[in-house]
Amino acid sequence: MCRHLGYVGPVTSVRDLLHFGSHSLVRQSWAPKEMRGGGTINADGFGAAWWSGGVLGRYRSVSPIWSDPTVEETLSHVHSGAVIAAVRSATEGMAVEIGACAPFVDDRFALSHNGVVVRWPAAVTSLAEGIPAVQLLTMPAPTDSALLWTLLRDRLETMSPESAVATVVHDVSFLAHGSKLNLLLGDGNEMWATAWGHSLYALVDESSALIASEPLDDSPGWEQIPDRALVCARPGHLIITPIQMGER
Ligand code: GLN
Numbered sequence: 025m026c027r028h029l030g031y032v033g034p035v036t037s038v039r040d041l042l043h044f045g046s047h048s049l050v051r052q053s054w055a056p057k058e059m060r061g062g063g064t065i066n067a068d069g070f071g072a073a074w075w076s077g078g079v080l081g082r083y084r085s086v087s088p089i090w091s092d093p094t095v096e097e098t099l100s101h102v103h104s105g106a107v108i109a110a111v112r113s114a115t116e117g118m119a120v121e122i123g124a125c126a127p128f129v130d131d132r133f134a135l136s137h138n139g140v141v142v143r144w145p146a147a148v149t150s151l152a153e154g155i156p157a158v159q160l161l162t163m164p165a166p167t168d169s170a171l172l173w174t175l176l177r178d179r180l181e182t183m184s185p186e187s188a189v190a191t192v193v194h195d196v197s198f199l200a201h202g203s204k205l206n207l208l209l210g211d212g213n214e215m216w217a218t219a220w221g222h223s224l225y226a227l228v229d230e231s232s233a234l235i236a237s238e239p240l241d242d243s244p245g246w247e248q249i250p251d252r253a254l255v256c257a258r259p260g261h262l263i264i265t266p267i268q269m270g271e272r
């Protein structure tokens with residue numbers, strides 16, 4: 025399963041963040057430790073989104089992160105205090121194309137998904153039917169993750185980010201029981217993430233907040249997020265709330 029990383033803190037280069045720590049996201053692309061049976065390496069592309077001067081920028085590639093020279097040549101010159109990044113291991117049957125690489129973005133939010141919607145797409149057609157046709161027809165890719173983004177975008181119109189993230193996970197899981205739904209959403213100031221079937225960790229102090237599929241280094245401050253939980257994080261702030269399953 026893919027690995028992802030979210031950061032809010034002092035301004036750094038995107039390249040340095042991708043390489044940060046003895047178990048950096050770049051290293052996790054070829055030597056992940058906690059894939060839980062969902063693939064072995066994350067070589068089906070990668071992406072990073074960053075906020076700078078209130079504008080969201082993004083770079084994605086279908087190359088493995090370790091082989092794309094843009095990381096050194098360009099992303100070392102891109103500086104930001106807020107980043108969402110992901111390395112992808114495509115789920116069997118899902119397209120390997122740039123549109124399928126996270127993060128998915130609009131002009132405010134960026135989203136990464138680590139996991140799989142089981143019985144895709146049949147299990148979630150009723151949720152898709154609730155989305156305006158234009159949004160469905162402009163989905164970034166024909167994949168489970170892109171539908172999760174499309175659902176989330178629709179809910180972000182009317183809901184808080186934490187409610188949108190929690191209800192998408194709840195509703196998809198209700199229909200597609202057994203799905204793995206680790207979402208990571210950022211807006212440049214704050215991050216909202218779920219642990220739902222996959223590993224997730226957070227390291228937060230007064231100056232920075234990191235959320236990652238696997239700890240990036242040996243720092244004792246990494247907190248393992250319990251399964252079925254929603255995390256809200258920014259510097260000096262970490263709230264972990266259980267997501268309850270109920271009837272809808
Ligand atoms: N199912 C998603 C995809 O194929 C996410 C994959 C993953 O987490 N490995 O893009």
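First residue of the sequence shown: 25, per our numbering; consecutive thereafter. All residues carry an ideal CB built from backbone N, CA and C; glycine is no exception. Given the structure is predicted, the values throughout are model-derived calculations rather than measurements.
What is the rounded straight-line gap between the Cα of residue i and the Cα of residue j?
i: LEU171; j: ALA152; result: 8 Å
i: VAL102; j: LEU175; result: 30 Å
i: VAL50; j: ARG60; result: 19 Å
i: GLU230; j: ALA157; result: 43 Å
i: LEU254; j: TRP173; result: 17 Å
i: GLY30; j: GLY221; result: 18 Å
i: VAL140; j: THR149; result: 15 Å
i: GLN52; j: ALA146; result: 32 Å
i: ALA188; j: ARG179; result: 5 Å
i: GLU58; j: LEU224; result: 10 Å
i: GLU214; j: ARG258; result: 5 Å
i: ARG27; j: ILE65; result: 10 Å
i: ASN206; j: SER100; result: 28 Å
i: GLU186; j: LEU262; result: 13 Å
i: GLU96; j: GLY270; result: 47 Å
i: ALA200; j: GLN268; result: 16 Å
i: ALA219; j: ARG143; result: 20 Å
i: GLU247; j: TRP54; result: 23 Å
i: SER48; j: SER184; result: 31 Å
i: GLY154; j: ILE249; result: 31 Å
i: ALA124; j: PRO244; result: 34 Å
i: GLY78; j: LEU209; result: 16 Å
i: PRO266; j: CYS256; result: 12 Å
i: MET118; j: ASP168; result: 8 Å
i: PRO239; j: HIS43; result: 13 Å
i: ILE264; j: VAL228; result: 12 Å
i: GLY33; j: LEU80; result: 16 Å
i: SER46; j: PRO56; result: 12 Å
i: ARG252; j: LYS204; result: 10 Å
i: LEU68; j: THR94; result: Reading off the sequence shown, one finds Asp at residue 68, where the question assumed Leu. Their backbone Cα atoms lie some 16 Å apart in a straight line.
i: ALA217; j: ILE122; result: 23 Å
i: SER237; j: LEU161; result: 31 Å
i: ARG82; j: THR98; result: 12 Å
i: ARG177; j: SER91; result: 32 Å
i: ASP242; j: ALA226; result: 13 Å
According to DSSP, which residues form a beta bridge with residue i?
i: PHE128; result: LEU135
i: VAL140; result: LYS204
i: HIS99; result: According to the sequence displayed, residue 99 carries Leu and not His. DSSP output for LEU99 lists no bridge partner at all.
i: CYS26; result: DSSP output for CYS26 lists no bridge partner at all.
i: ALA152; result: The partner list for ALA152 (beta bridge, DSSP) is empty, contrary to what the question assumes.
i: HIS261; result: ARG258
i: SER104; result: THR36
i: TRP216; result: LEU209 and CYS256
i: VAL111; result: ARG27 and PHE70
i: PRO266; result: ALA253
i: ALA226; result: ILE235 and GLU247
- Inside the stretch 33–84 only - beta strand (DSSP E) runs reaching at least 3 residues: As for any beta strand (DSSP E) of minimum length 3 sitting wholly inside the stretch 33–84, the runs are 70–76, ordered along the chain.
- Evaluate the contact criterion for the stretch 70–83 versus the stretch 132–146: three or more CB pairs, one atom per stretch, below 8 Å. Short answer: they touch.
- At least 3 beta-carbon pairs within less than 8 Å: the stretch 123–131 vs the stretch 87–106: With a cut-off of 8 Å on Cβ pairs, the stretch 123–131 is not in contact with the stretch 87–106, counting fewer than three such pairs.
- Message: Assess contact between the stretch 233–240 and the stretch 182–202, defined as three or more Cβ pairs (one per stretch) separated by less than 8 Å. Is contact present?
- Response: As far as the Cβ criterion goes, the stretch 233–240 does not touch the stretch 182–202, which means the pair count is below three.
- Query: Taking three-plus beta-carbon pairs below 8 Å as touching, is the stretch 102–114 in contact with the stretch 34–50?
  - Reply: Contact holds: three or more Cβ-Cβ distances are below 8 Å.
- Task: List in chain order: all unbroken beta strand (DSSP E) runs of 3+ residues lying wholly within the stretch 228–257.
- Result: Secondary structure remark: continuous beta strand (DSSP E) runs of at least 3 residues inside the stretch 228–257, in chain order: 233–236.
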